[in-house]
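Chemist: For what it's worth, this note's numbering labels the leading residue of the sequence shown as 1475, then goes sequentially.
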Amino acid sequence: MTIERVQPEAPPSPERSPALVARGLRRRFGRGTTETEILRGVDLHAEAGEIVTITGRSGSGKTTLLAVLSGFDTPDEGSVTFHGVPAEAVPWSVCAVLPQALGLAEELTCAENVALPLRLGPRPTRAVDVVVSTVLAELGLAALADRYPAELSFGQQQRVALARAVAPRPTVLLVDEPTAHLDADSTEAVLAVLRRVADEGTAVVAVTHDPAVREVADRRLELDGGVLLPV
């Protein structure tokens, strides 16, 4: 029997400048004999306009990888840049995140949560309101705009958090299990939004177990043994 060695992701073409580049990411937890290396030299790039999915068994380090890519966590080795700028130095308008811990502001309505990153910039109020109402409608949340997160199901909260992430039209969008708590109709709406923002130039990186999300991907990767491999 011949065993083929699967090579890690090929580096991007030097003629192009990817929106996101991660090189040699290593992340360890514990100390001494209990130390575990979750990421073992992960390389990843994402181009503007593409959806990249990352799959892997539970506990393989997918959420850890997303935290490192977003700058929420610091790798023990390696680097993450967005058009050459280090991850920890970029604003939400460059790298937006849909984490598993949604982080919605409980004292703000759905519409106010979505508007929050927009109001940090120079946009006039009217323009912000149009963007917020449009993206909430896309995700089936128009009727819930004036409700507070505590009044929503977790799936509804998840869609509000996605609306907040895509509203500023970020350069890179990182999403962690974006359809995990959704029914079929809501999943379809989320996938349509991910495809739209990618078609408008955002690089989307999605950690997922959902075959429906993988179906809309332009590239599919798997985190296995601490490295990313093409599927």
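For glycine and all other residues, C-beta sits at the position ideal for the given N, C-alpha and C. Computed from a prediction, not measured in an experiment: that's the story for all the values here.
Out of Thr-1529, Glu-1511 and Ala-1522, which one is the CA nearest neighbour of Arg-1670?
Modeler: Position 196 of the sequence shown, counted from the start, is the residue given in the question as residue 1670. Checked all of Thr-1529, Glu-1511 and Ala-1522; the closest Cα to Arg-1670 is Ala-1522.
Chemist: I think Ile-1528 touches Val-1681, with their Cβ atoms under 8 Å apart; what is that distance to the nearest whole Å?
Modeler: Counted from its first residue, the sequence shown places residue 1528 at position 54. Counted from its first residue, the sequence shown places residue 1681 at position 207. At roughly 5 Å, the Cβ-Cβ gap stays under 8 Å, so Ile-1528 and Val-1681 are in contact.
Chemist: Which value, in whole angstroms, describes the spacing of the CA atoms of Glu-1524 and Val-1640?
Modeler: As a working note, residue 1524 is residue 50 in the sequence shown. As a working note, residue 1640 is residue 166 in the sequence shown. Going by the C-alpha atoms only, they are around 15 Å apart.
Chemist: As a quick exercise: from His-1519, Glu-1511 and Val-1564, pick the residue whose alpha carbon is nearest that of Asp-1550.
Modeler: Your numbering for residue 1550 matches position 76 in the sequence shown. Ranking His-1519, Glu-1511 and Val-1564 by Cα distance to Asp-1550 puts Glu-1511 first.
Chemist: Tell me, please, whether the region 1540-1547 touches the region 1689-1705 by the rule of three or more beta-carbon pairs shorter than 8 Å.
Modeler: no
Chemist: Using only the alpha-carbon positions, how far apart do Asn-1587 and Leu-1578 sit?
Modeler: The residue given as residue 1587 occupies position 113 in the sequence shown. The residue given as residue 1578 occupies position 104 in the sequence shown. Roughly 7 Å separates the two Cα atoms.
Chemist: According to DSSP, is Arg-1694 part of a helix, a strand, or is it coil?
Modeler: In the sequence shown, residue 1694 corresponds to position 220, counting from 1. Looking at Arg-1694 - three-state DSSP - the assignment turns out to be strand.
Chemist: Could you check which residue in Leu-1656, Arg-1643, Pro-1704 and Ala-1561 has the C-alpha nearest to that of Ala-1448?
Modeler: Since the first residue shown for the chain is 1475 and the last is 1705, residue 1448 is missing from the structure and cannot be characterised.
Chemist: Within 8 Å, do at least three Cβ pairs link the region 1652-1667 to the region 1621-1635?
Modeler: yes
Chemist: Considering only residues of the same chain and omitting the five flanking positions on each side of Glu-1489, which have a CB-CB separation below 6 Å?
Modeler: What you label residue 1489 is simply residue 15 of the sequence shown in a count that begins at 1. For Glu-1489, the pLDDT reaches just 46, beneath the cut-off of 50, and the residue's location in the model is therefore unreliable, leaving the point undetermined.
Chemist: By Cβ distance, which residues of its chain are closer than 7 Å to Glu-1689, with the 5 residues on each side in sequence left out?
Modeler: Along the sequence shown, one-based indexing puts residue 1689 at 215. Nothing meets the Cβ criterion.
Chemist: If you measure between the beta carbons of Asp-1650 and Pro-1573, is that distance less than 9 Å?
Modeler: Walking along the sequence shown from the start, residue 1650 turns up at place 176. Walking along the sequence shown from the start, residue 1573 turns up at place 99. Contact flag set, yes.
Chemist: When you compare the CB of Asp-1547 with every CB in chain D, is at least one pair closer than 9 Å?
Modeler: Judged by its chain identifiers, the structure shown contains no chain D, having just a single protein chain.
Chemist: Does the distance from the CB of Glu-1580 to the CB of Tyr-1622 come in under 9 Å?
Modeler: Here residue 1580 refers to the residue found at position 106 when the sequence shown is read from its first residue. Here residue 1622 refers to the residue found at position 148 when the sequence shown is read from its first residue. Against a cut-off of 9 Å, the Cβ pair of Tyr-1622 and Glu-1580 comes out as a contact.
Chemist: Where does Pro-1704 land, buried or exposed, given buried means 16+ other C-beta within 10 angstroms?
Modeler: For the purposes of this step, residue 1704 is taken as residue 230 along the sequence shown, with counting starting at 1. Pro-1704 comes out exposed.
Chemist: Beta strand (DSSP E) containing Gly-1552: first to last residue?
Modeler: What you label residue 1552 is simply residue 78 of the sequence shown in a count that begins at 1. Gly-1552 -> beta strand (DSSP E) spans 1551-1556.
Chemist: In this structure, does DSSP put Phe-1546 in helix, strand or coil?
Modeler: As a working mapping, residue 1546 is identified with position 72 in the sequence shown. Coil, per DSSP.
Chemist: When burial is assigned at 16 or more other CB atoms within 10 Å of the CB, is Arg-1501 buried or exposed?
Modeler: The residue you call residue 1501 lines up with position 27 of the sequence shown. The residue in question, Arg-1501, is buried, as its Cβ has 16 or more Cβ neighbours within 10 Å.
Chemist: Within this structure, are the beta carbons of Ala-1637 and Cys-1584 separated by less than 9 Å?
Modeler: Counting from 1 along the sequence shown, the entry for residue 1637 is found at position 163. Counting from 1 along the sequence shown, the entry for residue 1584 is found at position 110. Yes, they are a contact pair.
Chemist: Straight-line CA distance for Ala-1496 to Leu-1668?
Modeler: Taking the first residue of the sequence shown as 1, we reach residue 1496 at position 22. Taking the first residue of the sequence shown as 1, we reach residue 1668 at position 194. The alpha-carbon atoms of Ala-1496 and Leu-1668 are separated by roughly 22 Å.
Chemist: So Leu-1539 and His-1519 are in contact, right, with Cβ under 8 Å, and what is the actual spacing, rounded?
Modeler: Your numbering for residue 1539 matches position 65 in the sequence shown. Your numbering for residue 1519 matches position 45 in the sequence shown. About 14 Å separates the two Cβ atoms, so there is no contact after all.
Chemist: Keeping to the same chain, check which residues put their C-beta closer than 8 Å to that of Gly-1699; ignore five residues upstream and five downstream.
Modeler: Taking the sequence shown and counting its residues from 1, the one referred to as residue 1699 is at position 225. Same-chain partners within the cutoff: Arg-1514.
Chemist: Out of Ala-1589, Ala-1691 and Gly-1498, which has the shortest C-alpha to C-alpha gap to Ser-1607?
Modeler: Looking up residue 1607 in the sequence shown gives position 133. Of Ala-1589, Ala-1691 and Gly-1498, the residue nearest in Cα terms is Ala-1589.
Chemist: Which residues share a DSSP beta bridge with Pro-1704?
Modeler: Reading the sequence shown from its first residue, position 230 is the one you call residue 1704. Its beta-bridge partners are Leu-1695.
Chemist: Just to check my reading of the structure: Gln-1499 and Gly-1533 have Cβ atoms closer than 8 Å, yes? What is that Cβ distance to the nearest angstrom?
Modeler: Taking the first residue of the sequence shown as 1, we reach residue 1499 at position 25. Taking the first residue of the sequence shown as 1, we reach residue 1533 at position 59. Per the sequence presented here, residue 1499 reads as Leu, with Gln not at that position. The Cβ separation is near 17 Å, so there is no contact.
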